[in-house]
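Step one of this worksheet: look at the structure below.
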Amino acid sequence: MRKLIVMLLCLGLLSGLALAFDPQPGADGVGDPYYPAIGNGGYDVQHYTLDLTWDKSSSAIAGTVVLEAVATQDLSAFNLDFWGFTVSHVLVNDIAATFKRTESEMTIIPAEPLMADSTFTVAVTYSGVPGEDVPEDVRIFGQGWVQYDGGVFVASEPNGAAFWYPVNDHPQDKAAYTFRITVPNPYVVAANGLLLETIDNGDTSTYVWETNYPVASYLVTVNIGQFIAQNQTGPDGLPIRNYFPAAFFTNGITTFHRTSEMIELFSELFAPYPFEAYGVAVAAAPLPFALETQTLSLFGTGIFTTNRPGGADSVIAHELAHMWFGDSVSPETWQDIWLNEGFATYASWLWFEHDGGVAVLESIVRDSYAQFAQPSEILIGNPSPERLFDGAVYVRGALTLHALRVKVGDEAFFTIMRTYYDRYQYGTASIADFIAVAEEISGQDLSAFFDGWLYQLAIPAISEMGLQPGV
Ligand SMILES: [Zn+2]
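By the count of the numbering used here, the sequence shown reaches residue 501 at its end, each step adding exactly one.
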């Protein structure tokens with residue numbers, strides 16, 4: 031009898047489960063206010079393997095990308111973000127799946143629906159020229175995979191990862207990565223994480239790179255060039271590997287020689303360095319930007335001749351500081367870009383304060399305030415997708431942090447920075463999350479303060495320093 035009851039109970043549970051299984055398509059976006067189409071719902075990617083071969087003469091790439099993901103709902107279908115290319119086939123759990131494509135969205139319909147909480151794999155095999163089918167108005171900032179005379183660089187912020195591999199393209203779904211990139215000799219590949227292996231195939235070589243830390247897709251990088259590597263050891267044994275074009279190797283060593291000291295400073299101010307390695311890749315082209323690609327920031331040769339205030343160190347410190355603010359703590363949505371750019375800019379000012387003393391910081395603050403004393407054209411806390419990288423987000427954004435520092439005092443300010451970092455590391459945070467930490471640590475109501483700095487065009491005074499807006 032007891033056995034029978036147990037059996038009936040089990041049957042009841044099973045039928046209950048069967049009834050509850052209700053596969054639906056995953057959402058085609060994560061609800062980002064600036065980029066509604068990027069990212070997707072219904073699953074959480076754990077790991078990507080990018081196995082790609084680069085053909086220099088045709089500029090094409092070909093290969094297979096494998097995702098390991100966990101379903102967050104019962105799924106009848108799900109989307110990846112992916113522009114262009116010819117997709118030859120898609121497998122889900124090693125079984126052929128059907129797929130449909132419209133612009134950025136690839137909808138995959140597995141042969142069998144997927145159960146919530148189950149782990150599954152997706153393999154997408156494709157070939158083509160990266161970026162070829164991406165309209166100009168979609169490529170406002172992110173370029174994705176770019177081939178130039180000296181090789182390839184990748185610069186994807188905010189939406190360019192989907193221009194070269196199938197991806198859940200939003201910082202809310204970070205994942206670990208393995209790269210197997212095959213290039214003609216004598217080209218060298220530098221990607222995120224650590225170089226595990228170089229396989230000599232005769233005319234080509236396959237570089238195997240891996241990172242076990244979560245990476246937001248816009249920070250994924252592959253650099254191909256005729257590089258010479260410089261290997262160093264930073265604080266606490268941290269590997270620092272820099273990749274310089276052969277013709278710029280000496281400039282590279284000289285220009286980036288203070289990286290280790292900068293890592294030491296930011297580790298003391300914020301938290302220990304977040305990842306397994308750091309370094310830079312310098313593309314043999316004068317890029318009009320630098321980018322904080324995770325563990326391996328990207329620069330162009332312009333870094334060797336910059337005449338901006340603070341020189342190369344201001345950019346080098348800025349990109350390094352992004353490893354904490356931007357890469358480890360990433361924006362919850364792209365509207366939260368101040369948490370990246372204002373923070374990295376202020377961190378570079380902290381480097382100059384450390385290096386030159388408090389008078390140097392004070393003069394940077396005064397010059398920057400004078401430069402931004404008129405009302406901004408954009409709101410720092412909501413700059414619009416078209417003005418995502420407006421100078422005000424950087425400079426007035428950094429002034430916002432300095433104004434907070436003089437308002438709450440050094441001890442509370444640095445506790446706020448450390449607590450905010452510690453709470454959101456390896457994930458994402460919103461501006462509201464930062465404000466909540468600042469109020470919690472300082473014990474002050476800061477709503478009017480942040481409203482003035484982030485959500486009004488007129489710049490507030492920093493009365494502690496006698497700084498008043500211009501008229
Ligand atoms: Zn930046």
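Glycine is no exception: its CB is placed at the ideal position from the N, C-alpha and C atoms.
Separation of residue j from residue i, as counted between CA atoms
| i | j | result |
| --- | --- | --- |
| V117 | W364 | 29 Å |
| L487 | I408 | 7 Å |
| L97 | Y456 | 19 Å |
| A428 | R417 | 17 Å |
| W175 | A433 | 39 Å |
| S460 | A92 | 37 Å |
| D397 | N337 | 17 Å |
| V124 | W113 | Sequence check: residue 124 is Asp here, not Val. Spanning the two alpha carbons is a distance of roughly 23 Å. |
| F319 | V182 | 15 Å |
| A351 | D385 | 16 Å |
| R435 | L299 | 14 Å |
| N272 | T241 | 16 Å |
| I270 | F444 | 26 Å |
| F193 | Y248 | 11 Å |
| E18 | S106 | Because the chain is modelled from 31 through 501, residue 18 falls outside the range shown and cannot be assessed. |
| Y73 | P196 | 14 Å |
| P302 | V310 | 19 Å |
| I367 | F419 | 8 Å |
| E26 | A491 | Residue 26 is absent from the structure shown; the chain starts at 31 and stops at 501. |
| F278 | L391 | 31 Å |
| D475 | E187 | 34 Å |
| R453 | Y485 | 24 Å |
| D233 | T331 | 29 Å |
| Q103 | Q404 | 50 Å |
| Q401 | V395 | 10 Å |
| G71 | G59 | 6 Å |
| T178 | G473 | According to the sequence shown, residue 178 is Tyr rather than Thr. Those two C-alpha atoms are separated by around 52 Å. |
| L328 | Y243 | 19 Å |
| V423 | D62 | 19 Å |
| V75 | Q173 | 23 Å |
| V250 | T289 | 21 Å |
Proximity below 8 Å, CB of residue i to CB of residue j
| i | j | result |
| --- | --- | --- |
| V245 | V184 | no |
| S360 | P201 | yes |
| V238 | W84 | no |
| E349 | E306 | no |
| V152 | A99 | yes |
| A314 | G180 | yes |
| A67 | S134 | yes |
| I293 | G264 | yes |
| A468 | I489 | no |
| F296 | A377 | yes |
| Y451 | W354 | yes |
| I254 | Y217 | yes |
| D147 | A101 | yes |
| D266 | G69 | no |
Reference residue i, options the options, closest by Cα
| i | options | result |
| --- | --- | --- |
| W381 | G482, A342, V436, S360 | A342 |
| G1 | G372, F193, F444 | Missing from the structure shown is residue 1; the chain here goes from 31 to 501 and no further. |
| A206 | Q260, H77, V120, F112 | H77 |
| T280 | Q260, A99, L484 | Q260 |
| L425 | M447, Y450, T375, D385 | Looking at the sequence shown, residue 425 is not Leu but Val. Measuring from the Cα of V425, the nearest candidate turns out to be T375. |
| D357 | A347, N370, A491, I346 | N370 |
| F257 | T102, T289, A221, H287 | A221 |
| S235 | D481, F51, E291, F209 | F209 |
| L226 | P216, G232, I211, D481 | I211 |
| L224 | P339, F479, Q324 | Q324 |
| I138 | M145, A146, T128, D147 | T128 |
| F274 | V312, D266, R448, G69 | V312 |
| A57 | G439, D203, Y451, F108 | F108 |
| L121 | P140, L110, A50, G69 | P140 |
Check: residue i C-beta below 7 Å from any heavy atom of ligand 1
| i | result |
| --- | --- |
| E371 | yes |
| K432 | Before going on, a small fix: residue 432 reads as His here, not Lys. No. |
| E322 | yes |
| A15 | With the chain covering only 31 through 501, there is no way to say anything about residue 15. |
| H77 | no |
| H200 | no |
| H352 | yes |
| H119 | no |
| H384 | no |
| H287 | no |
Contact test: residue i Cβ vs ligand 2 heavy atom, cutoff 7 Å
| i | result |
| --- | --- |
| E162 | Looking for ligand 2 in the displayed structure turns up nothing; the ligands present are ligand 1. |
According to DSSP, residues forming a beta bridge with residue i
| i | result |
| --- | --- |
| E98 | H77, T151 |
| R210 | D81, V238 |
| L409 | N412 |
| G457 | V359 |
| S247 | Its beta-bridge partners do not exist; DSSP assigns none. |
| H119 | T155 |
| M530 | Only positions 31 to 501 of the chain appear in this structure, which leaves residue 530 out of reach. |
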